[in-house]
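Worksheet for the structure shown next.
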Amino acid sequence: MKIIRNSTPAADGFRMPAEFEGHEGCIMIFPERSDSWQYGGYAARKAFVQIAEAIAKSEKVTVCAGGRQYDQARSMLPDQIRVVEMSSNDAWARDYAPTFVKNDAGVIRGVDWGFNAWGGLYDGLYFPWDKDNQMARKLCDLMDRDIYDKRDFILEGGSIHVDGEGTCIVTESCLLGKGRNPELSREQIQENLQKYLNVSKVIWLPCGIYNDETDGHVDNICAFTAPGEVVLAWTEDREDVQYAMSGACLNCLEEAVDARGRKLRIHKLPLPKPVTVTEEECEGLDCCGDGPVRTPGERLAASYVNFYIANGSIVVPGFGDPADEEAKAVLGELFPDREIIQIYTRDILIGGGNIHCITQQIPK
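FYI, in our numbering the residues of the sequence shown are 458 to 821.
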């Protein structure tokens, strides 16, 4: 593996492909820490396994597991899923596994962004995060891929969505947060995205999902489903704080054009009714530092937009809500050639994210 420090993907003719383009495989990380995953993580691990199995129907899945969980992961996962021992601080593959870019010849490289647990010492969610920050290079070493060094720029994979044709969508609440790159202007942040994703247009949504601990990752509120088409998390409940937030994002998307000058087709994806943490669930979580991770009644950032596009399927969260079926139907219309697989993911949501957050695609 070569670490590339004196060039950028755009300069070298590499771009980040859209998630709906073909995959070589998918990376996941086995959950372990007891302040993220309630009651020792047993329920969360079962959900992770279900998701890995669903994705493995149509693409190669690699699961990284820490030394203490390697044997457990290997025993729970089917034979066709590769398990490698690799230490990390938590299980959010989307956010600190490499962002992969490729050129027209099909060569794949990684991008190694800086990771500081969604805000560092300003408002990050845990400390330390040093093992997470090594994962991009470790994974590229494992796969024999060269990698661009961009550790001086804090960015998580869940904070960007691209269409593969020059357009990127982000949120202001996340990328302009004081815990990421406070010394950089919006224009400088956008320039980094253009150079390292090889995009010419960045659409800035104002916010994400209410109470999202990532400061509003875009992958929880809006995603590309095809060039020129997006889904947007939506509620018709005017009394819900999310109504105004989703409305502000809708206004932004309606006014935008993509890198090729197209107006976007916007498909509303319903939100479930608010999902809140129970007292029993809180009791199953260890403290993080000197305080509780969750409090009873706390609202979680539940959204069906947090799905993963696999080669042959859409793996989408389920919440035991009437909107589960409606969300499946919307995605079924948008992805008629892929199987819609819905998995109940409350035990992952309690940890702070969902299916898209725990997966990272490797392009073909």
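We put the beta carbon where it would ideally sit given N, CA and C, even for glycine.
**Prompt:** On the premise that T735 lies in contact with P749, defined as a C-beta separation below 8 Å, what is that separation, rounded to the nearest angstrom?
**Reply:** Their Cβ separation, rounded to whole angstroms, is 14 Å, which puts P749 and T735 out of contact at 8 Å.
**Asked** Taking the DSSP output, what are the residues bridged to E686?
**Response** A683 and R722
**Prompt:** What do you get for D552, buried or exposed, if any count of 16 or more other CB atoms within 10 angstroms of its CB means buried?
**Reply:** Buried.
**Request:** Enumerate in chain order the residues of its own chain whose CB-to-CB distance from N590 is below 6 Å, with the five nearest sequence positions on each side excluded.
**Result:** Only F572 meet the Cβ criterion.
**Message:** Give me the residue from C745, D794 and I484 with the minimum Cα distance to A593.
**Reply:** I484
**Request:** Pick helix, strand or coil for K459, following the three-state DSSP scheme.
**Result:** Three-state DSSP puts K459 in coil, outside helix and strand.
**Environment of K720 [buried if 16+ CB atoms lie within 10 Å]** = exposed
**Prompt:** According to DSSP, which residues form a beta bridge with K503?
**Reply:** Bridge partners of K503: none, in fact.
**Asked** At which residues does the alpha helix (DSSP H) containing A522 begin and terminate?
**Response** First-last for A522: K517 to A522, but that is the beta strand (DSSP E), not the alpha helix (DSSP H).
**Message:** I'd like to check one pair, L582 with E823: are the Cβ atoms closer than 8 Å?
**Reply:** In the structure as shown, the chain starts at 458 and stops at 821, and residue 823 therefore has no counterpart that could be examined.
**Request:** Mind the definition here: the region 796–804 touches the region 494–506 only if three or more C-beta pairs lie below 8 Å; say whether that holds.
**Result:** yes
**Message:** Can you tell me whether M485 is helix, strand or coil according to DSSP?
**Reply:** Strand, per DSSP.
**Request:** Could you name the residues of the same chain whose beta carbon sits closer than 6 Å to that of Y765, not counting the 5 residues immediately before and after it, in chain order?
**Result:** The residues are V772, I812, H813 and T816.
**Item:** Among D580, E622 and Q818, the one whose alpha carbon lies nearest that of G636
**Value:** D580
**Message:** Excluding the 5 residues flanking R490 on each side, which residues of the same chain have their C-beta closer than 6 Å to its C-beta?
**Reply:** D547
**Request:** Label D676 either buried or exposed according to how many other C-beta atoms from any shown protein chain fall within 10 Å of its C-beta, with 16 as the threshold for buried.
**Result:** buried
**Prompt:** What's the C-alpha gap between R751 and N560?
**Reply:** Across the structure, R751 and N560 are spaced so that their CA atoms are roughly 43 Å apart.
**Message:** Within the continuous alpha helix (DSSP H) that includes V787, where are the two ends?
**Reply:** A780 to L791
**Message:** Just to confirm, is the Cβ distance from S630 to G665 under 8 Å?
**Reply:** Yes; because the gap between Cβ atoms is below 8 Å, this pair is in contact.
**Prompt:** In terms of alpha-carbon separation, which member of I565, D587, D603 and G563 lies closest to A574?
**Reply:** D587
**Coarse secondary structure for H618, derived from DSSP in three states** = It is a strand residue.
**Item:** Beta-carbon proximity list for A780, same chain, < 6 Å, skipping 5 on both sides
**Value:** P727 and P729
**Prompt:** What is the DSSP secondary structure of H813, counted as helix, strand or coil?
**Reply:** helix
**Item:** Nearest-angstrom Cα separation, counted from D469 out to G498
**Value:** 42 Å
**Request:** Could you please give me the residues that DSSP links to S630 through a beta bridge?
**Result:** Its beta-bridge partners do not exist; DSSP assigns none.
**Request:** Grab me the residues of D694's own chain with a C-beta within less than 7 Å of its C-beta, minus the 5 sequence neighbours each way, in chain order.
**Result:** Y700
**Asked** In three-state terms, what does DSSP make of D606?
**Response** If DSSP states are grouped into helix, strand and coil, D606 belongs with the strands.
**Message:** Looking only at its chain, what residues have a beta carbon closer than 7 Å to the beta carbon of Q818, apart from the 5 residues adjacent to it on each side?
**Reply:** For Q818, where only same-chain residues beyond five positions count, the Cβ hits under 7 Å are E476, H480 and C483.
**Asked** Roughly how many whole angstroms lie between the Cα atoms of P684 and E782?
**Response** 25 Å
**Span separating the alpha-carbon of A562 from that of R472** = Their backbone Cα atoms lie some 12 Å apart in a straight line.
**Asked** So what does DSSP say about S657, is it helix, strand or coil?
**Response** coil
**Asked** Which term fits E740, buried or exposed, when burial requires 16 or more other beta carbons within 10 angstroms of its beta carbon?
**Response** exposed
**Pairwise C-alpha distance: G769 and D794** = 8 Å
**Message:** If you follow the alpha helix (DSSP H) that D569 is in, where does it begin and where does it stop?
**Reply:** Looking at the DSSP string, D569 is not in any alpha helix (DSSP H); the run it does join, the beta strand (DSSP E), is I565 to G571.
**Request:** Could you give the DSSP three-state label for I797: helix, strand or coil?
**Result:** strand
**Request:** Determine the burial state of C744: buried for a count of at least 16 other Cβ atoms within 10 Å of its Cβ, exposed for fewer.
**Result:** exposed
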